[in-house]
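Below: one structure, written as structure tokens.
In structure tokens form, the structure reads like this:
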């Protein structure tokens, strides 16, 4: 593959989803980045281009705490793209499928890091809306949350025409507005999956959770209690964002080398400023200062 979009040279495809494809790429200085290219049918829709612009601006407000930061957003002809740091490693879904559930300090690292990441998302006034195992990357600095191509500023509608999964909160699956409590539900589901290989639906299948509640077998102690509360059907019964950090509920904070910390970023990539909204330009972006 030798395709160029904006100033980035695409190296190989990393994956694809309902909104586009993700590629490993190199920036003008030769550094590795991840580039998400929206499907042409989406980029051609003016309303969806506006949504893309809003999402890029929202993502730029999220701190680097256990997240994969957005570096750049742009338009190249009819192609819209979003650039993030590249994190080498498996996503949680593939890790559990190939090696089985996480245990001990690895599970604690997953729980703490994803909670810290969502707190950074919510502090920026953003709702992730699509947290799931494949949106958690297990890199050298520990678990980090990605997937900001589907974030939405707080207060906007949750309806997106997506197929509901078991990580989607019940109110979100009903088409109601997603809020921070919806992300808390998804966090509980991700922790349950990490510990057991099962989603939060009553039968463990990938479909919206019902009123029967999830099977928490395989989770223990404080983490079982916190995940169970996070998976409450009613949003008001879930822990609120300021109080749900696992380390405040008896979940061990792992050694620094096993988890990211607030403000942690990749040691090999640059520090992003606010990601610029898409513009129809061909000149390379100004390179932000390195970390």
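Residue numbers (the numbering used here): 5 to 295. Every residue, glycine too, gets a C-beta built ideally from N, C-alpha and C. Predicted, not measured: the structure shown is a model, and the values here were computed from it.
DSSP three-state assignment for residue 194, whether helix, strand or coil: To locate residue 194, count along the chain shown from 1; it is residue 190. Here residue 194 sits in helix by DSSP.
Beta-carbon proximity check, residue 63 vs residue 74, cutoff 7 Å: Looking up residue 63 in the chain shown gives position 59. Looking up residue 74 in the chain shown gives position 70. In contact: residue 63 and residue 74 (Cβ atoms closer than 7 Å).
C-beta atoms of residue 124 and residue 185 nearer than 7 Å: Taking the first residue of the chain shown as position 1, residue 124 is located at position 120. Taking the first residue of the chain shown as position 1, residue 185 is located at position 181. Cβ atoms of residue 124 and residue 185: not closer than 7 Å.
For residue 44, the three-state DSSP class (helix, strand or coil): Numbered from its first residue, the chain shown carries residue 44 at position 40. If DSSP states are grouped into helix, strand and coil, residue 44 belongs with the helices.
Beta-carbon spacing of residue 42, residue 24 below 7 Å: On the chain shown, residue 42 is found 38 positions in, with the first residue counted as 1. On the chain shown, residue 24 is found 20 positions in, with the first residue counted as 1. Result yes, Cβ atoms of residue 42 and residue 24 sit closer than 7 Å.
C-alpha distance - residue 122 paired with residue 48, whole-angstrom precision: For this step, residue 122 is matched to residue 118 along the chain shown. For this step, residue 48 is matched to residue 44 along the chain shown. The alpha-carbon atoms of residue 122 and residue 48 are separated by roughly 31 Å.
Short Cβ contact (7 Å threshold) for residue 113 with residue 143: Position 109 of the chain shown, counted from the start, is the residue given in the question as residue 113. Position 139 of the chain shown, counted from the start, is the residue given in the question as residue 143. Not a contact, by the Cβ cut-off of 7 Å.
Completely contained alpha helix (DSSP H) runs for the region 212-238, where each covers 4 or more residues: 225-234
Boundaries of the alpha helix (DSSP H) in which residue 125 is found, first to last residue: Walking along the chain shown from the start, residue 125 turns up at place 121. Taken as a continuous stretch (DSSP letters only), the alpha helix (DSSP H) holding residue 125 covers 108-127.
Residue 162 burial status per 10 Å Cβ neighbour count (16 or more: buried): Taking the chain shown and counting its residues from 1, the one referred to as residue 162 is at position 158. Because residue 162 carries a pLDDT of 45, less than 50, the predicted location of this residue cannot be relied on, and the following value inherits that uncertainty. So residue 162 ends up on the buried side.
CA-to-CA distance, residue 192 to residue 131, given in whole angstroms: Walking along the chain shown from the start, residue 131 turns up at place 127. Walking along the chain shown from the start, residue 192 turns up at place 188. Using only the alpha carbons, I get a separation of about 16 Å.
For residue 221 and residue 77, the rounded distance between their alpha carbons: Counting from one through the chain shown, the residue named residue 77 turns up at place 73. Counting from one through the chain shown, the residue named residue 221 turns up at place 217. If you take the alpha carbons of residue 77 and residue 221, they lie about 42 Å apart.
Where residue 120 falls, given that 16 or more other Cβ within 10 Å makes a residue buried: Sequence index remark: in the chain shown, residue 120 carries index 116 (1-based). When all chains shown are included, residue 120 counts as buried.
Residue 200 and residue 44 closer than 7 Å at C-beta: The residue labelled residue 200 in the question sits at position 196 within the chain shown. The residue labelled residue 44 in the question sits at position 40 within the chain shown. Taking 7 Å as the Cβ cut-off, residue 200 and residue 44 do not qualify as a contacting pair.
Where the alpha helix (DSSP H) containing residue 52 begins and where it ends: Within the chain shown, numbered from 1, the residue matching residue 52 stands at position 48. Here the alpha helix (DSSP H) through residue 52 covers 50-64.
Local conformation of residue 184 per DSSP, three classes: Counting from one through the chain shown, the residue named residue 184 turns up at place 180. The answer is helix: DSSP assigns residue 184 an H, G or I state.
Inter-residue Cα distance where the pair is residue 174 and residue 52: Along the chain shown, read from residue 1 onward, the residue named residue 174 stands at position 170. Along the chain shown, read from residue 1 onward, the residue named residue 52 stands at position 48. Their backbone Cα atoms lie some 25 Å apart in a straight line.
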